[in-house]
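Chains as they are written, first to last, in the working numbering: chain E, 63 to 383; chain U, 224 to 1087.
Here's the structure we're looking at; comments come further down.
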């Protein structure tokens, strides 16, 4: 088995050891151009997956009080307030803090702002973020216990009954998605509702989304749909529309959950050019191995091998209803 | 809409996907603005000026849908020569009685009707004119006025006695069209800038988009919520939109209309089968003690009328048969005397005032948390603290059930727990998934839901509670010989129950639908009779149980039927998806355009047909002209689409029925930092004041209260918060009360982002965290810059996270038609937390003193 760490990979399940009869790769296409920031996805996710609350803190980051993806937030809606540029190229507020949405906008001088009638002088971007279910998932590559595994749907799932809380996966994720739950010690993240997929149900977030901003389906079909949507938006003059994570040639081999954004990824708090952190693992281990071989025969193979969890085990994860 | 109605907003997004242009007019930039094509920031409470200018734009550029306007509206109708407009009287209409602060509308009427009211018309609120006798009738006039008569016309217009003279060239100086033109002439784009703070260029962009998207080929829809209704001019704000939509031909046609977005599931249902004091099911007026001494008198004012209200006696008698069954006979006037009678205003705020004054002793709160959700929470709590008993039915232990223990007045010492005599009964309620029943939404659509799970513990459905309450009261009274108890003992109070004792909701729905002489479910309200042979709990719902099938439970998906989706749920009346849809065809009965084809006349078959149930007499030809003496539905002409109006026309001008004028007029909110730029008259002259020491009004244009505040909702929470801030998953999304201010206001007052602010009115002061945001804009009105403080109102003292309730800041000054409060007021805002305990009272007192609030005359805002 190849167990590739890098580059384009058209059949991620086969790469993980599933036979040819595996189901198609499933994923999310989150079209932020129609997101209305209702957060139904966050709530539906928590309800279905029994994720605990994540604290009651007014963040001051616009209407975003969950702040980031984490062990107890598997869907996260970002709210980005951004002053629009005037025709003169200057932001309407006299102080642009550079990082939109991360703090208060600056006070204006005099009452120039009042003189304008607020003619859409501000843009409010909303985007529901989620685990990307990477083609090359570093979290999975570094997991020493086999808790993280690739499902037959091509998604990446952590099994709480196997996770030992070592935390290796946390820095491995290029998006900062997976995290340890403090009071529990183990790692948690979006499962793309593996239990629901098992019984042919739509994941809770997509099911709850009122505007079809979160679309669930076969990844190949979603990518086609997404490209058509970008084209449509461009025709409508929304030339800022672009896809994020849809390219199978990118640093993680393309995301299983990808996005249509209306600004640079950084504006939404997304890394502009994520690269699987285990890209060079093979060559590193070649070098390490050469040195180590002289000393001791450490079993390192397990670190680089992709695991296929026995079907029986993965099925037991699924909650039935 | 995205903010408070995200699920319904999916259809707006769907429309946008198909190319619709979305314009959002709102003081703040919300989640709706974020996805709209255009956001128009507006000063809270100035909407009539904005909409009125759109009306003016349409009229002065002759952009109205002229053929529609001439044929289907009262534009051509001639008005009485005694009528004087706000143009003539600097903001007043003719007939204003300044002593009583209300209008005598006799000069507003159609020519030829005011001088000779029809014999049966005994409604003094509507036609006591200069000739009306004083004395007893005068009192009746006053109490009828107070009984919110206008709201009882919810399903149609009030009766005019005959069809008025018309000038279809629209040139007559007293025709409605010309009056409208003169009335709105001063509502210019420049005036919009001065009143609303909207840039003239932006105004024109809206005006052009609206008119370009209306006409034969295209239609425009309006959606509104309490940003329009919760004002002392609320009913007139909706009227302005109605005038605009009617002029543009956007009523009765697909893609048109004005949609009211309700604050809570089935609020439409709660007026159809009302929880209001002044109407009975189906918008039948609640009888008035002085005017409706018997059934004949009650129906007299409408019985002679033209249009479908002419059959009112059938609706009323069938209702009485549903209430009292076999006990209701022709000999006893179908138990008409069992109905309570109005003697005046019994609306919610007046009732609260009555509690404070000791008149009202007991109170039921059902799914309502007025200590947080109603205007002037202090007034609500002071009222409830002065009751003998209070019944609270809710899902959660809400502030209205615990105010006696830890309310804000306990903290300040204005109330002491041991001195509150109110006995509070808290009864846990079943939620919507724990009981079966129907919701009626804004399209008048009933959708049935089945029970998903049993309610936990002692929680019970409303149906179970009221059925059981009735059973127990009737049991206690069973041996009574007192006449007073007959209405209760004679009630038809018999519903099948399941093994757990839960009454069958479908049996109630069937009773509402109505049954015929054979005991079978009726199919349509046209089958109702006035002889007692039919029973019907709500005439407009007749047909919801047609063929003994719960039609509201239908769930045929839209992909299995056409776009009208007539087999999803059931829409009153008669499963008609768009009312007044005769207007979707031209006067000759052909569709206005192929694109907007909906209901049309099939000349060959001799009947109306189309995608929807035609809202017209099925075989009435477009060229039918009724004889002059025709009454009821017989009087509807072939070109009279507005079949509930007695003249069959849409009313651009309302000759009757409104308490504050036949045309909308911009008045400032009762508390405002600006002088009304349009008229000398500052406030709605007939607004209803509520004089109480707990309800002092901030003087307008006061330096002490220089800012505007407005309250609103967030997607994450539900109304007064009992259903959301008690749940971790929703509380974490918006964990604390906050206020939103513009960067300019923050700089002016030294407010820090995430710091604390104290917001003060003459009622009280509250504290909240500060969000400084570009989404709240400073507005320039002429030389003045107006700042608005935005306040989400969801919090109180109970729940996972707590905080002060912004509604405590709101004053109670009401719209004279429907008695809703004005959600807009003035305030001061200062950095830092508010004073605690008794210091809070003196802090607010100091503000009142500095602003010159006269506590002997607390509702004097010094504007009249």
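Quick reminder that beta carbons are idealized off the backbone N, C-alpha and C, glycines included.
Note that the structure is predicted; figures quoted are calculated from it, not measured.
Check your understanding: Can you list the residues of chain U that residue 128(E) reaches, using a CB-CB cut of under 8 angstroms?
Key -> 955, 956
**Study point:** Range of the contiguous beta strand (DSSP E) that encloses residue 247(U)
**Key:** 246-248
Check your understanding: Going along chain E in order, which residues have a C-beta closer than 9 angstroms to the C-beta of residue 1023(U)?
Key -> 115, 118
Exercise for review: Give a yes or no on whether the C-beta atoms belonging to residue 710(U) and residue 558(U) are separated by under 9 angstroms.
Suggested key: yes
Practice item. Name, please, each residue of chain U whose Cβ falls closer than 8 angstroms to the Cβ of residue 104(E). Key: 952, 956
Review point. What's the gap between the Cα of residue 420(U) and the Cα of residue 1009(U)?
Key: 8 angstroms
Review point. If you run the structure through DSSP and keep just helix, strand and coil, what is residue 205(E)?
Key: coil
Exercise for review: Taking only runs that begin and end inside the region 281-344 of chain E, name each unbroken alpha helix (DSSP H) of 4 or more residues, in chain order.
Suggested key: 281-297
Exercise for review: Jot down the residue ranges of each uninterrupted beta strand (DSSP E) in the region 390-452 of chain U, minimum 3 residues, whole runs only, in chain order.
Suggested key: 445-447
Exercise for review: List the endpoints of the continuous alpha helix (DSSP H) containing residue 616(U).
Suggested key: Element bounds for residue 616(U): not the alpha helix (DSSP H) but the beta strand (DSSP E), 612-617.
Point to revise | Residue from 274(U), 434(U), 391(U) whose Cα sits closest to the Cα of residue 409(U) | key: 274(U)
Practice item. Examine the Cβ distances between the region 342-352 of chain E and the region 319-331 of chain E and report whether three or more of them are shorter than 8 angstroms. Key: no
Check your understanding: Where does residue 898(U) fall in DSSP's three states?
Key -> coil
Exercise for review: In the DSSP assignment, find the unbroken beta strand (DSSP E) run with residue 649(U) in it and report its ends.
Suggested key: 646-651
Check your understanding: Based on the DSSP secondary-structure assignment, which residues constitute the bridge partners of residue 964(U)?
Key -> 995(U)
Point to revise | Among 143(E), 223(E), 205(E), nearest to residue 329(E) - alpha-carbon criterion | key: 143(E)
Practice item. Identify, in the order they occur along the chain, each residue of the same chain with its Cβ nearer than 6 angstroms to the Cβ of residue 234(E), setting aside the five sequence neighbours on each side. Key: 200, 201, 204, 339
Exercise for review: Could you check what DSSP says for residue 873(U) in three-state terms: helix, strand or coil?
Suggested key: strand
**Study point:** Run of the beta strand (DSSP E) containing residue 932(U), from where it starts to where it stops
**Key:** 930-935
Review point. If we cut at 9 angstroms on Cβ distances, does residue 100(E) have a partner in chain U?
Key: yes
Check your understanding: Could you give the distance in angstroms between the alpha-carbon of residue 993(U) and the alpha-carbon of residue 873(U)?
Key -> 47 angstroms
Review point. So with Cβ pairs under 9 angstroms, would you call residue 185(E) a contact of chain U?
Key: yes
Exercise for review: Within the region 1054-1078 of chain U, note down every full beta strand (DSSP E) run reaching 3 residues or more, in order along the chain.
Suggested key: none
Practice item. Note the first and the last residue of the continuous beta strand (DSSP E) segment covering residue 802(U). Key: That residue, residue 802(U), is in no beta strand (DSSP E); it is neither H nor E in DSSP.
**Study point:** Distance, residue 228(U) Cα to residue 593(U) Cα
**Key:** 22 angstroms
Review point. What does a CB cutoff of less than 8 angstroms around residue 1043(U) pick up in its chain, not counting 5 residues either side in sequence?
Key: 452, 453, 454, 457, 1037
**Study point:** Residue burial classification, residue 782(U) (beta-carbon count within 10 angstroms, cutoff 16)
**Key:** exposed
Point to revise | Cβ neighbours of residue 472(U) in the same chain (closer than 6 angstroms, five flanking residues each side left out) | key: 288, 291
Review point. What's the C-alpha gap between residue 262(U) and residue 773(U)?
Key: 42 angstroms
Exercise for review: Determine the closest residue to residue 870(U) out of 387(U), 477(U), 1074(U), 1019(U), with distance taken between C-alpha atoms.
Suggested key: 387(U)
Check your understanding: Taking three-plus beta-carbon pairs below 8 angstroms as touching, is the region 845-854 of chain U in contact with the region 894-906 of chain U?
Key -> no
Check your understanding: Taking C-alpha atoms, which residue in 498(U), 652(U), 680(U) lies nearest to residue 945(U)?
Key -> 652(U)
Point to revise | Host beta strand (DSSP E) of residue 587(U) (start-end) | key: 585-589
Exercise for review: For residue 132(E), go through chain U and note every residue whose CB falls closer than 7 angstroms to its CB, in chain order.
Suggested key: Chain U residues near residue 132(E): none, gap ~12 angstroms exceeds 7 angstroms.
Practice item. Compare the Cα-Cα distances from residue 938(U) to each of 240(U), 254(U), 246(U), 237(U) and report the closest residue. Key: 254(U)
Review point. What are the start and end residues of each continuous alpha helix (DSSP H) run of 4 or more residues lying completely inside the region 521-586 of chain U, in chain order?
Key: 535-547, 571-579
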